[in-house]
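Step one of this worksheet: look at the structure below.
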Amino acid sequence: MRMKKHLTQLLLSLLFLVVTAMTCDEQDWAEPIDVPCTLKEVELYHWDNAGEKPKEAVDNKVLKEAYMMEIRLLTDAGEKDPESHDADHYLRHVLSDGIKKIQIFTETAFNEEFPAGAEVTSCFYDYPKTFVKDQQTDFTVNGGVISMIDEVNKIYKALLTIPQSGGEFRFRVVLTMESGETVERLSDPVTFY
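If you count by mature numbering (1 follows the signal peptide of the UniProt record, and there is no 0), then the sequence shown holds residues -21 to -1, 1 to 172, one letter each, in order.
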């Protein structure tokens, strides 16, 4: 009886080794071809997250509990692509000067803790990356760098800390590049109600 048990275990082990030895570690993964690109423009848009699905704000008016900001990064990705590449490769667009920090400032007093001019980055969070196909994750939140990029990239930030009262607000977004250079954009006014 004991011999049968050991024989069964031995056969199963042998079968496992044979199956493992017959599998191929070599896979036909396409290799990337890095194509450098540059940031051309940064645009800011106001979004309303009150419904079933977020939508652009109408007349820049948003319920203050449902505000979301879009930071749209436009690059020259695709303009410098090689004319051809084989099936073993794919193109990967890489910013020549990656984005290492995204900061958001309020131009209007938010509450006692955040007066006019204060940094309010902590009042926003990265909207889950299930919203649109060209949505970019903000890797700078965790100390990373945004470097892999497409022609159009959209970062969505949902407001967590609600202003004390409604009214007209403006936000200033500052992108700090790896080189130390900064890019600033001021949003259009948005009315919170």
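Yeah, the Cβ is synthetic: ideal placement off N, Cα and C, and Gly gets one too.
**Item:** For V124 and I78, believed in contact at Cβ under 8 Å, the rounded distance
**Value:** Confirmed, about 7 Å.
| said: Measuring only the C-alpha atoms, how far is D76 from T85? | reply: 26 Å
Checklist line | Rounded straight-line distance, which links the Cα of L70 to that of E62 | finding: 11 Å
Item to complete: Compute the distance between the beta-carbons of D55 and K19, then report whether it is under 8 Å.
Response: yes
Check: Using the rule of at least 16 other Cβ atoms within 10 Å of the residue's Cβ for burial, across every protein chain shown, is W8 buried or exposed?
Finding: exposed
ask   = Quick one: is V(-4) buried, meaning 16 or more other Cβ sit within 10 Å of its Cβ, or exposed?
value = exposed
Pairing CB atoms from the region 18 to 33 with CB atoms from the region 85 to 95, are three or more of them under 8 Å? no
Please work out which residues of its chain come closer than 8 Å, Cβ to Cβ, to P11, disregarding the five sequence neighbours upstream and downstream, and give them in chain order. Once the five neighbours on either side are set aside, the close Cβ partners of P11 are H68, Y69, L70, R71.
_Buried or exposed, going by whether 16 or more other CB atoms sit within 10 Å of the CB of K136?_
buried
inquiry  = Tell me the rounded alpha-carbon separation between T140 and C16.
reply    = 35 Å
#### Entry: Cβ-Cβ distance between I50 and V152 below 8 Å
yes
Q. Which word fits Y46, buried or exposed, when buried means at least 16 other C-beta atoms lie within 10 angstroms of its C-beta?
A. buried
**Q.** Close-in-space but distant-in-sequence residues of the same chain around K43 (CB under 8 Å, 5 per side omitted)
**A.** Result list for K43: L138, I141, P142, G145, F171, Y172, in chain order.
V111 (DSSP reduced to helix, strand or coil):
coil
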